[in-house]
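According to numbering that gives the first Met the number 0, the sequence shown holds residues 0 to 321 in order. We put the beta carbon where it would ideally sit given N, CA and C, even for glycine. Here the structure is a predicted model, which means the values were calculated and not measured. Structure record follows, encoded as structure tokens.
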Amino acid sequence: MNHTRRLTLGALVGSALLFAAAINGHAEDKKITLGFAQVGAESAWRTANTVSVKQAAKDAGINLKFSDAQQKQENQIKAIRSYIAQKVDVIAFSPVVESGWEPVLTEAKNAKIPVILTDRNIDVKDQSLYVTMIGSDFLEEGRRGGRWLEERYKNDKGPINIVELQGTVGSAPANDRHAGLMEVIKNDPKFKIIASQSGDFTLAGGKQVMEAFAKTYGKQINVVYAHNDDMALGAIQAMEEAGLKPGTDISVVSFDATKGGFEAMIAGKINVDVECSPLLGPQLMTAVKEVVAGKQLPKRITTEETVFPMSVAAQVLPQRKY
Ligand code: GZL
0 MNHTRRLTLG ALVGSALLFA AAINGHAEDK KITLGFAQVG AESAWRTANT VSVKQAAKDA
60 GINLKFSDAQ QKQENQIKAI RSYIAQKVDV IAFSPVVESG WEPVLTEAKN AKIPVILTDR
120 NIDVKDQSLY VTMIGSDFLE EGRRGGRWLE ERYKNDKGPI NIVELQGTVG SAPANDRHAG
180 LMEVIKNDPK FKIIASQSGD FTLAGGKQVM EAFAKTYGKQ INVVYAHNDD MALGAIQAME
240 EAGLKPGTDI SVVSFDATKG GFEAMIAGKI NVDVECSPLL GPQLMTAVKE VVAGKQLPKR
300 ITTEETVFPM SVAAQVLPQR KY
């Protein structure tokens with residue numbers, strides 16, 4: 000091949016390589032950007048959820064913008080608006096409460112930015128406002144707590160007086176963990192919910208509410224039904240300060256199955272912990288990539304989870320991830 004031809008071929012191959020590199024470089028620059036509006040940092044569950052989302056974004060090579068709303072809906076709405084303004088590829092959030100989302104999600108829809116719900120659900124008529132909801136079935140979790148009570152007191156004629164420490168008012172887990180319990184016990188007159196108040200999913204909130212319940216009802220209380228471990232741990236402090244015995248005189252039903260919950264079960268102070276997994280990060284990142292790739296997703300992706308009675312806590316704790 001003569002010298003000129005060799006030069007032309009070399010130039011052609013060189014420019015093709017440069018072009019490919021440019022395309023690839025551009026593709027690299029076009030990393031997916033996800034805007035995530037977190038509820039807050041109210042509980043051990045939430046902390047583990049945040050760790051899972053951040054680590055999964057890193058592992059997936061997704062550029063994550065993250066905000067903490069300190070459990071205030073207006074802050075989550077502000078964060079979602081800022082993600083719209085920044086033209087992120089996908090928005091995801093864990094709605095602190097079920098209602099009030101139509102306006103901001105309509106703005107995201109008009110901006111053609113897909114929205115994924117994680118952890119908690121919303122109550123909207125227009126289901127096109129979000130692509131999918133990834134998280135637990137809180138109604139079933141409540142039923143599991145109720146079924147444990149039915150079994151625990153099956154030979155007891157009652158009355159079985161329950162005090163309920165509810166999660167954040169208006170949130171899906173608080174609404175559904177209550178509704179699930181009621182589904183199971185509503186036809187068994189021996190169970191009576193003698194008091195129910197929100198501790199906002201925090202340890203301090205659970206302790207404060209339980210102090211009042213202990214003062215008012217004292218030894219009349221047979222069961223504490225706490226919507227998460229942080230409130231259960233606060234309630235245990237309050238019960239012990241009031242001279243009551245959590246786990247023995249008073250059955251404690253809790254949710255989340257965090258490390259703190261397992262440790263309290265091993266100490267004999269929580270009787271059963273209904274699992275609610277915060278490790279939603281990997282599923283979220285898979286969903287984000289599928290949405291960007293234009294794939295169809297199911298409207299609901301439900302987390303697999305179970306129930307841990309006190310009797311298995313010591314053997315299971317070493318395998319727990321949060
Ligand atoms: C449940 C989650 C709840 C946890 C609490 O999926 O939304 O919020 O049960 C957390 O611990 O604060």
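In this structure glutamate 150 does not touch valine 273 by the C-beta definition: roughly 13 Å separates them, more than the 8 Å allowed. Annotation: glycine 205 to isoleucine 235 spans about 9 Å, alpha carbon to alpha carbon.
Between the alpha carbons of lysine 156 and valine 208 lies a gap of roughly 28 Å. The beta carbon of alanine 237 lies closer than 7 Å to those of Lys206, Met209, Glu210, Ala213 in the same chain, with the five residues before and after it left out. A Cβ-Cβ distance of about 37 Å is found for the pair alanine 313 and threonine 131, leaving them out of contact under the 8 Å criterion. Between alanine 231 and tyrosine 216, the C-beta spacing is not below 8 Å.
With a threshold of 16 other beta carbon atoms within 10 Å, asparagine 270 meets it and is buried. In the three-state reduction of the DSSP assignment, asparagine 154 falls in the coil class. Beta-bridge partners assigned by DSSP to glycine 134: Thr301.
Cβ contact annotation for glutamine 196 (same chain, cutoff 6 Å, sequence separation greater than five): Val208, in chain order. About 5 Å separates the CB atoms of threonine 167 and aspartate 199; that is less than 8 Å, so the two are in contact. Using a C-beta cut-off of 8 Å, the region 220-228 makes contact with the region 165-179, since at least three inter-stretch Cβ pairs fall below that distance.
Per DSSP, the unbroken alpha helix (DSSP H) holding valine 183 starts and ends at 171-184. An exposed status is given to glutamate 303, since fewer than 16 other beta-carbon atoms sit within 10 Å of its beta-carbon. When C-beta atoms of the region 57-74 are compared with those of the region 108-126, fewer than three pairs fall below 8 Å, so the two segments do not count as touching. Inter-residue distance for phenylalanine 65 and glycine 280 is about 13 Å (C-alpha atoms, whole angstroms).
With 16 or more other Cβ atoms from the protein chains shown falling within 10 Å of its own Cβ, glutamate 41 counts as buried. Comparing alpha carbon positions, the residue from Ile112, Ala292, Tyr321, Leu104 closest to leucine 128 is Leu104. Proximity of the beta carbon of serine 195 to ligand 1 is not indicated: no heavy atom of the ligand is located closer than 7 Å.
The residue from Lys29, Ala173, Asn154, Ala241 with its alpha-carbon nearest to that of aspartate 136 is Ala173.
For glutamate 289, the closest of Thr46, Val89, Asn160 by C-alpha to C-alpha distance is Val89. Under the DSSP assignment, glutamine 54 falls in the alpha helix (DSSP H) whose first and last residues are 43-59. By the beta-carbon neighbour count (other beta carbons within 10 angstroms, threshold 16), serine 310 is exposed. Secondary-structure assignment with DSSP links threonine 105 through no beta bridge to anything. Here the C-alpha atom of proline 113 lies approximately 22 Å from the C-alpha atom of lysine 71. Rounded to whole angstroms, the gap between the alpha carbons of alanine 68 and valine 38 is 5 Å. Assignment of alanine 40 by DSSP, reduced to helix, strand and coil, places it in the coil class.
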